[in-house]
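Residue numbers (the numbering used here): 1437 to 1737. Every residue, glycine too, gets a C-beta built ideally from N, C-alpha and C. Heads up: the structure comes next, in structure tokens.
In structure tokens:
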């Protein structure tokens, strides 16, 4: 799913952009020549009267960050108990600032209101900064691109093995998937993880894809999906398709980019207290090509 960047652009006209949202739980996934790289805001802590957020998996290593007034991003080192400047997003194009840390150095802002094409779409009001060689000849950052309300979307790092490019392909900010590169996903969502005896489980089965080509799926009958529930011993205690009739005809369907959802309500009145597993899949000719599993518990009366 590519973000409609125009919405962000219009919003940015009325408010100061936040170039690194540091809310706990925010996640970014980057693509590099060596595979995927996950970065997450893991937790908050207070040092010297200031609240910082731990950015786990940050390019260059884990780091404690806080956003200060005026769009300045600061990093804190718990070992030395010192704070250094990480970025100055208020700096105009052509301006400079000096970053701290072991490999810190001069940063030159190439643009603070430009456009940048990335795997997740076109970014408006991109903040682009290039770093001069710092104290570490074979380590550090060469260039970074930030998007308003998204965070870091591209980084070029210098390593002893040569340059390394990181490109954002997925971002989840708060409870919302904000951006992603073209992809395919299949999932099962339950409305709760803990149910009272006799309650009804509400399940949602979701097929999502954002690729330019249609997703070609072959079904073995008129049945589209199925859902089963198993107890702790793996015994099947519920199957959605039981008692239902389907036409035995091969069907080929091309799904255009977007999202398809199917819902199932499962009465739990006959299930005793215990742990269970719900599994859903598409009823394709090749079994379990699209499948997902979620666990839940029925509590004691």
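Any idea what DSSP makes of residue i, helix, strand or coil?
i: residue 1532; result: strand
i: residue 1716; result: strand
i: residue 1682; result: coil
i: residue 1472; result: strand
i: residue 1677; result: coil
i: residue 1616; result: strand
i: residue 1586; result: coil
i: residue 1486; result: strand
i: residue 1660; result: coil
i: residue 1650; result: coil
i: residue 1703; result: strand
i: residue 1667; result: coil
i: residue 1438; result: Low confidence applies here, because residue 1438 scores a pLDDT of 47, under 50, leaving its location unreliable; read the following figure in that light. Note: residue 1438 maps to coil in three-state DSSP.
By Cβ distance, which residues of its chain are closer than 8 Å to residue i, with the 5 residues on each side in sequence left out?
i: residue 1476; result: 1461, 1462, 1463, 1464, 1491, 1492, 1493
i: residue 1514; result: 1483, 1500
i: residue 1612; result: none
i: residue 1590; result: 1552, 1554, 1579, 1580, 1581, 1601, 1602, 1603, 1604
Measure the alpha-carbon distance for residue i versus residue j and round it to whole angstroms.
i: residue 1485; j: residue 1517; result: 12 Å
i: residue 1569; j: residue 1582; result: 20 Å
i: residue 1457; j: residue 1684; result: 51 Å
i: residue 1496; j: residue 1563; result: 19 Å
i: residue 1470; j: residue 1595; result: 13 Å
i: residue 1721; j: residue 1527; result: 57 Å
i: residue 1730; j: residue 1521; result: 43 Å
i: residue 1534; j: residue 1616; result: 32 Å
i: residue 1459; j: residue 1489; result: 8 Å
i: residue 1466; j: residue 1609; result: 15 Å
i: residue 1717; j: residue 1504; result: 47 Å
i: residue 1667; j: residue 1618; result: 36 Å
i: residue 1543; j: residue 1531; result: 8 Å
i: residue 1437; j: residue 1649; result: Caution is warranted here: a pLDDT of 44 is assigned to residue 1437, below 50, making its placement in the model unreliable, and no coordinate value can be reported.
i: residue 1507; j: residue 1584; result: 11 Å
i: residue 1686; j: residue 1606; result: 35 Å
i: residue 1672; j: residue 1711; result: 13 Å
How far does the beta strand (DSSP E) with residue i in it reach, from first residue to last?
i: residue 1523; result: 1518 to 1524
i: residue 1729; result: 1727 to 1734
i: residue 1645; result: 1636 to 1645
i: residue 1721; result: Taken as a continuous stretch (DSSP letters only), residue 1721 belongs to no beta strand (DSSP E), as it is neither H nor E.
i: residue 1632; result: Premise fails: residue 1632 is in no beta strand (DSSP E) and is neither H nor E.
i: residue 1498; result: Segment: none, residue 1498 is in no beta strand (DSSP E) and carries neither H nor E.
i: residue 1548; result: 1542 to 1554
i: residue 1565; result: 1557 to 1567
i: residue 1454; result: Looking at the DSSP string, residue 1454 is not in any beta strand (DSSP E), and its letter there is neither H nor E.
i: residue 1511; result: 1508 to 1513
i: residue 1598; result: 1598 to 1609
i: residue 1688; result: 1687 to 1691
If you drop the 5 nearest sequence neighbours on each side, which residues of the same chain put their C-beta closer than 7 Å to that of residue i?
i: residue 1677; result: 1659, 1662
i: residue 1632; result: 1735
i: residue 1682; result: 1657, 1658, 1659
i: residue 1719; result: 1655, 1656, 1657, 1659, 1660, 1661, 1662
i: residue 1635; result: 1704
Just to confirm my understanding: we take residue i, look at its own chain, exclude 5 residues before and 5 after, and list those with CB closer than 6 Å. What are they?
i: residue 1689; result: 1653
i: residue 1725; result: none
i: residue 1651; result: 1645, 1691
i: residue 1511; result: 1499, 1501, 1520, 1522
Next item on the list: Indicate whether the contact test is met: 3 or more Cβ pairs, each with one atom in the stretch 1688 to 1698 and one in the stretch 1631 to 1641, closer than 8 Å.
Entry: yes
Next item on the list: May I ask you to verify whether the stretch 1701 to 1709 touches the stretch 1589 to 1605, counting CB pairs closer than 8 Å and requiring at least 3?
Entry: No, because fewer than three Cβ pairs between the stretch 1701 to 1709 and the stretch 1589 to 1605 fall closer than 8 Å, the two stretches do not touch.
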